[in-house]
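Student: Protein sequences appear in the order of chains A and B.
Going by this note's numbering, 100 is the number at position 100 of the first sequence; the sequence numbering is gapless.
Going by this note's numbering, 1014 is the number at position 14 of the second sequence; the sequence numbering is gapless.
For glycine and all other residues, C-beta sits at the position ideal for the given N, C-alpha and C.
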Amino acid sequence: MRIELADLCKKFDGTSVLKGLDFDDDVTTLAIIGPSGGGKSTLLRILGGLTAPTSGTVRVDGETVSYDEATLPAYRAKLGFVFQQGGLFQHLSAVENIAMPLREVHGVEASAAEQTARELLDRFGLAEDAEKRPAQLSGGQQQRVAIARAVAGRPRLLLLDEPTSALDPAYTNDVLDMIDDLREDGMRFVIVTHEMGFARNACEKCAFLSQGRLLEYGESSKLFAHPSTPELRAFLDKLLEWR
Amino acid sequence: MTTAKRHSNPFVGDGAGHTSPLKAAINYLLVCLLVIALFWVSLAMLGYTFDFSFVSQYRMRIAQGFLLTIEISAASLVASLALGTLVAAGRGSRILPLRYLCDLYVKLIRGTPLIMQIYLFFYIIGTAWGITDRVVAGILILSTFEAAYIAEIIRGSLLSIDETQRDAARAVGLTHAQTVRLVILPQMVARTLPALTGQFASIIKDSSLLSIIAVIEITQTMREISASNFKLFECYFLLGVLYLALTLPVAAIGRHFERRFDYAH
Chain A
1 MRIELADLCK KFDGTSVLKG LDFDDDVTTL AIIGPSGGGK STLLRILGGL TAPTSGTVRV
61 DGETVSYDEA TLPAYRAKLG FVFQQGGLFQ HLSAVENIAM PLREVHGVEA SAAEQTAREL
121 LDRFGLAEDA EKRPAQLSGG QQQRVAIARA VAGRPRLLLL DEPTSALDPA YTNDVLDMID
181 DLREDGMRFV IVTHEMGFAR NACEKCAFLS QGRLLEYGES SKLFAHPSTP ELRAFLDKLL
241 EWR
Chain B
1001 MTTAKRHSNP FVGDGAGHTS PLKAAINYLL VCLLVIALFW VSLAMLGYTF DFSFVSQYRM
1061 RIAQGFLLTI EISAASLVAS LALGTLVAAG RGSRILPLRY LCDLYVKLIR GTPLIMQIYL
1121 FFYIIGTAWG ITDRVVAGIL ILSTFEAAYI AEIIRGSLLS IDETQRDAAR AVGLTHAQTV
1181 RLVILPQMVA RTLPALTGQF ASIIKDSSLL SIIAVIEITQ TMREISASNF KLFECYFLLG
1241 VLYLALTLPV AAIGRHFERR FDYAH
């Protein structure tokens, strides 16, 4: 899927979070890495149609995204978005969290929506938790249900905003395994992550974002082996300090 | 994770949930007997014996007063819910005068006693605007009072809904109207119903103050009866029992809602 960004800027109350990003490539699996506050989540939210850029354009498969509340729901419906935490509807069971958007947004008939939801939960080892509400699930289970919900509508791209940052290490692997599983099925995704092993080995491309600028972009294997900017080198060195 | 959090709350007794029903019933009965005994001994010390023989004589008036209390409370609940919702919405409005008006309203009503409001509204505003029907005036005053509290309950629960819930609704592609209908409203109902039931019990009790403008609800009925037969203790005792007959079931409904919507907290 082709993603083009042209001079993309975002300011929050006068503070520049994204300072003119340019990007043009076919995205299959992309990891966005970088220090906290570098603009990673903001970029992902703009891609997901959840935040409007201050200036600049976003084009997806040749079509310019119009950040207009009237057209955005249809744009968002074609994407799957996974939040860091708390993204499940608290008042709905796991199965309803998946089935409700299928019915209400994708116009799937009720019984078919429930069947799809149960099949997904079954596939990802969550069948026993189908009737539980988010508060009754562990953090890792919640994230896996959230990913199942995000892929239920057969999105053209999955966007994951630090899906494992709020999890215990044991749960982190469950979630990353699930994403890798989806990748093998051909699911395209963009993930903001601090899991460098995952970014390096499971994502084809990697983008390094620091202080609102896209400092490096390329194939993950090359980017990690030969960082060309001092910023990325410092970032990676810091991460490896306690390894 | 959540279970652990719930149990670490010092205000939620671990013991209460694990007591066997029989043990609980026996202990509750024991406490009730103690309270009754205290009353009994106090009355004996006064040398007073209860005499409820007047009840059958006044049963029609008592029934009418009781019914009027229920009617006033029910009507006030509906009216205060409507007004409270509007005020809660107004407090979040972008139109500043409207927002400040709602804010001032809540501050004034919550900051003054109901008895003052009843006198002032009834004798000044009610008289000036020609609201002479005491029951109608009573319902209006009570609704105005309770709506301020209901507005706070609604506003509080609206603010307590996590921003991520709205984000998630947008992310799956729901429109604004769908988000309100499928996500915000169900969560708000879950959060407000237990508190609103509690407020309904307050409405029932607060309606007793309407007796000061001679609305013949149950409190005024008992006051009138006691003034004619001097059975003051019996009348007020019976009055308490009648209010409990209304508020205890309402409280039970509130507990039912709390259990049913436990996930909201």
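#1: Is there at least one non-hydrogen atom of the ligand GDP closer than 6 Å to the beta-carbon of T193(A)?
#2: Is I1253(B) close to chain A? Criterion is C-beta to C-beta, closer than 7 Å.
#3: What residue does the beta strand (DSSP E) around Y217(A) start on, and which one ends it?
#4: Name, please, each residue of chain B whose Cβ falls closer than 7 Å to the Cβ of E104(A).
#5: To the nearest angstrom, how far is the alpha carbon of T164(A) from that of D1206(B)?
#6: Would you call the stretch 110-118 of chain A and the stretch 138-147 of chain A in contact, with 3 or more CB pairs under 8 Å?
#7: Please list the residues of the stretch 1189-1205 of chain B that have a C-beta atom closer than 7 Å to any C-beta atom in chain A, keeping them in chain order.
#8: I need the DSSP call for R1260(B), collapsed to helix, strand or coil.
#9: Any beta-carbon of chain A closer than 7 Å to the one on N1170(B)?
#10: Could you tell me the alpha carbon to alpha carbon distance between L1209(B) and T1164(B), rounded to whole angstroms?
#11: Nearest-angstrom Cα distance between S1211(B) and A1074(B)?
#12: Is there at least one Cβ from chain B nearer than 7 Å to F81(A)'s Cβ?
#13: How big is the Cα-Cα spacing for Q142(A) and P1097(B)?
#14: Pick out whichever of K40(A), S36(A), L240(A) has its Cα sitting closest to the Cα of M196(A).
#15: For the stretch 1153-1170 of chain B against the stretch 1183-1194 of chain B, do three or more pairs of beta-carbon atoms, one drawn from each stretch, fall closer than 8 Å, so that the two count as touching?
#16: Name the DSSP beta bridge partners of T29(A), please?
#17: So what does V82(A) bridge to, in DSSP terms?
#18: Count the other CB atoms, across all protein chains shown, that sit within 10 Å of the CB of I1124(B); report buried if there are 16 or more and exposed otherwise.
#19: What residue ranges within the stretch 89-127 of chain A form continuous alpha helix (DSSP H) runs of no fewer than 4 residues, ordered along the chain?
#20: Any beta-carbon of chain B closer than 7 Å to the one on A124(A)?
#21: Which word fits C1032(B), buried or exposed, when buried means at least 16 other C-beta atoms lie within 10 angstroms of its C-beta?
#22: Considering only the alpha carbon of each residue, which of L121(A), D181(A), L30(A) lies closest to V192(A)?
#23: Please classify E219(A): is it buried, with 16 or more other beta-carbons within 10 angstroms of its beta-carbon, or exposed?
#24: Flag this pair as yes or no: are the beta carbons of L1083(B) and A1147(B) separated by less than 7 Å?
#25: Select from the stretch 33-50 of chain A all residues with a C-beta closer than 7 Å to any C-beta belonging to chain B, and list them in chain order.
#26: Just tell me which of M178(A), K205(A), Q211(A) has its CA closest to the CA of S221(A).
#27: Any contact between the stretch 83-98 of chain A and the stretch 124-135 of chain A? By contact I mean 3 or more CB pairs, one from each, below 8 Å.
#28: Is the distance from the Cβ of S1143(B) to the Cβ of S1076(B) below 7 Å?
#29: Just how far apart, CA to CA, sit T1003(B) and R1259(B)?
#30: How about G48(A) and P155(A): do their beta carbons lie closer than 7 Å?
#31: Could you spell out the range, first to last residue, of the beta strand (DSSP E) harbouring L8(A)?
Tutor: Here's the rundown:
#1: Here there are no bound small molecules, and the ligand GDP is not part of this structure.
#2: no
#3: 213-219
#4: Correct list: L1174, Q1178, L1182.
#5: C-alpha separation (whole angstroms): 52 Å.
#6: No, they do not touch.
#7: A1190
#8: helix
#9: The sequence given here has Arg at residue 1170(B), not Asn. Yes, R1170(B) lies at the interface with chain A (some Cβ there is under 7 Å from its Cβ).
#10: 44 Å
#11: Spanning the two alpha carbons is a distance of roughly 17 Å.
#12: yes
#13: Each residue's alpha carbon lies about 43 Å from the other.
#14: L240(A)
#15: With a cut-off of 8 Å, the stretch 1183-1194 of chain B and the stretch 1153-1170 of chain B count as touching, because enough Cβ pairs lie within range.
#16: F189(A)
#17: L160(A)
#18: exposed
#19: 94-104, 110-123
#20: Looking at the sequence itself, residue 124(A) is Phe, so the reference to Ala does not match. No - not a single Cβ of chain B is within 7 Å of the one on F124(A).
#21: exposed
#22: Comparing Cα-Cα distances from V192(A) to each of L121(A), D181(A), L30(A), the minimum goes to L30(A).
#23: exposed
#24: yes
#25: G48, L50
#26: K205(A)
#27: yes
#28: Going by C-beta atoms, S1143(B) is nearer than 7 Å to S1076(B).
#29: Annotation note: pLDDT 42 at T1003(B) (below 50); position unreliable, no value reported.
#30: no
#31: Residues 2-12.
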